[in-house]
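In the working numbering, the protein residues as written are 24 to 182.
All C-beta atoms in this analysis are idealised placements derived from N, C-alpha and C, irrespective of residue type, glycine included.
Following: one structure in structure tokens, then a few remarks.
What follows is the structure, encoded as structure tokens:
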């Protein structure tokens with residue numbers, strides 16, 4: 024059996040180096056990264072089990088907006104607390120980042136309030152085939168992100 028990961032002393036060196044290269048992102052930086060991409064992952068509970076779905080999205084008015092067809096996202100999403108995540112990695116620079124948005128999913132397909140009307144103008148375009156009539160918004164309660172890596176980071180071998 025092949026063990027993956029690193030030996031204890033290698034992991035300690037990696038952790039020490041990683042701490043120097045880890046930086047929290049401001050909420051503004053997080054929204055900037057969210058606005059510069061269009062594919063992420065939405066996660067919520069379905070029948071008491073965590074489920075993660077890739078979605079094309081757009082952002083605005085403190086929310087992450089995505090389309091859905093009838094199914095798990097439409098049935099279990101609205102009114103539920105959920106988490107949305109995107110990340111990126113630059114192999115050349117050895118720098119990565121991740122952004123997480125936590126909040127409550129809201130069906131804004133036919134909602135007439137000001138926030139819903141504004142969000143509908145930002146409608147994302149799903150890359151997956153099929154018709155997605157439902158417009159769902161993850162209204163943010165918490166937004167966080169981190170940038171990591173850079174010069175001096177020790178990356179242990181994967182074996």
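- Just so you know, the alpha carbons of residue 142 and residue 155 end up roughly 16 angstroms apart.
- Considering only 72, 121, 103, 138, the residue with the shortest C-alpha distance to residue 167 is 121.
- Of the other Cβ atoms in all chains shown, 16 or more fall within 10 Å of the Cβ of residue 161; this residue is therefore buried.
- For residue 48, the secondary structure class from DSSP, reduced to helix, strand or coil, is coil.
- A straight line joining the alpha-carbon of residue 73 with that of residue 111 spans about 23 angstroms.
- With a contact defined as Cβ atoms closer than 8 angstroms, residue 136 and residue 159 miss out at about 15 angstroms.
- Judged by DSSP secondary structure, residue 108 falls within the beta strand (DSSP E) whose first and last residues are 104-113.
- Residue 164 and residue 104 have their C-alpha atoms some 10 angstroms from each other.
- With fewer than 16 other CB atoms across the displayed protein chains lying within 10 angstroms of its CB, residue 59 is exposed.
- 9 angstroms or more divides the Cβ of residue 77 from the Cβ of residue 90.
- With contacts defined by Cβ atoms closer than 9 angstroms, residue 94 and residue 127 do not form a contacting pair.
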